[in-house]
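Novice: Just so we're aligned: 80 in numbering that gives the first Met the number 0 is position 81 of the sequence shown, and the numbers increase by one with no gaps anywhere.
After the structure tokens below, expect a handful of questions from me.
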Amino acid sequence: MHVAWPRTGSPRAVAASPEERSDDQELSRIGVMSGPGHVTSSAGEPAEELPRWVTLLRAPNPGPMTLDGTNTWLLRAPGVEQGLVVDPGPEIAEHLIAIAERRPFAAILITHGHADHVEGARSLSERLGGTPVLAKDPRHCVGGAPLSAGPLKAEGINVEILSTPGHTRDSVSFVASIGDDRAVLTGDTILGRGTTVVAWPDGHLGDYLASLDRLSSYRGVVALPGHGPALADAGAAAAFYHAHRTARLEQVRDAVKAGAATAQEVVARVYADVDRSLWWAAEWSVRAQLDYLHERDREFPSGSAGLDPP
Ligand SMILES: [Zn+2]
């Protein structure tokens, strides 16, 4: 178990009870929501070409919450021996072997602690003979100090660590550059398709909106997301997400004004267009939104305590 997930207060699932899922199963599924009729359009134009020092290895773990699978990004400066791995993905031997075949690597970087991104990190590190694993959350680090905002010394590549909490508390993005050639590795903060889940209660909507503001300054810079295709413009995608979140927030506010008395009732009104099998994940986002509205307006009923009857 790599990520602590509070069992109490976790939302009741609509389609399947959370008790029927293991925590790891649940965590590996909470990357993304992209149900039919939801925001399934791309958050921006796909990138036509990637920097030549970037390679994508996609893990074979497709699913409704992971799109085509988790993206493992390999970065290696031309003529430099040591590369970097960003998000080794789940513990799937064939995927970890495919990464290891591209050795050597100076470090394994982690965007956030969800199992579908970090689960394979420890065994990949062992496979590579002890390559350090660097994450913001010390629980995921192996042989190195936790990441903090600022520059990271890497072989031939400049890597700036941006603190981008919201999807989870420990989410970071990496701005990688060689000269003027830049790319932003966004983890699950921005995805290549659909919208992401604010994984309440670890995630926080206010933090998430601030992180999107931070990323919106990367106009014209390629986004390399944790799932889905690379996007041509990270800044435009961040602005799109921000607008989408703000619109959803208004819908949630309206649903409560119109009489929705539980988080599930809000989901039923606001996410009516989303496949019911994903409503349990929608409920996390709704709880995050209710908490945010309550923080900003104390008159607003509290999502995690006051709105639901005991
Ligand atoms: Zn995630």
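Where is the CB? At the ideal position from N, CA and C, for every residue including glycine.
Mind listing, in chain order, the continuous alpha helix (DSSP H) runs of no fewer than 4 residues lying wholly within the segment 30-92?
Specialist: With a minimum length of 4 residues, no continuous alpha helix (DSSP H) run stays inside the segment 30-92.
Novice: Three-state secondary structure (DSSP) at Leu146?
Specialist: Coil, per DSSP.
Novice: Please report the distance separating the alpha-carbon of Ala76 from that of Trp52.
Specialist: 5 Å
Novice: When DSSP labels each residue in this structure, what does Lys152 get in the three-state scheme?
Specialist: strand
Novice: Relative to ligand 1, is the shortest distance from any of its heavy atoms to the C-beta of His111 smaller than 7 Å?
Specialist: It does: the Cβ of His111 is within 7 Å (strictly closer) of some heavy atom of ligand 1.
Novice: With 16 other CB atoms within 10 Å as the buried threshold, where does Thr188 fall?
Specialist: buried
Novice: Does the Cβ of Thr167 lie closer than 7 Å to at least one heavy atom of ligand 1?
Specialist: yes
Novice: Do the CB positions of Ala287 and Leu223 come within less than 8 Å of each other?
Specialist: no
Novice: In this structure, how does DSSP classify His293 when only helix, strand and coil are distinguished?
Specialist: helix
Novice: DSSP state of Glu159, grouped into three classes?
Specialist: The answer is strand: DSSP assigns Glu159 an E or B state.
Novice: Out of His111, His243, Val79, Arg213, state which residue places its alpha-carbon closest to the alpha-carbon of Pro89.
Specialist: His111
Novice: From Lys152, Leu248, Glu93, pick the residue whose C-alpha is nearest to that of Arg295; which is it?
Specialist: Selected option, being the one with the closest Cα: Leu248.
Novice: Between Asp86, His116, Ala114, Arg57, which has its C-alpha nearest Phe104's C-alpha?
Specialist: Nearest option by C-alpha distance: Asp86.
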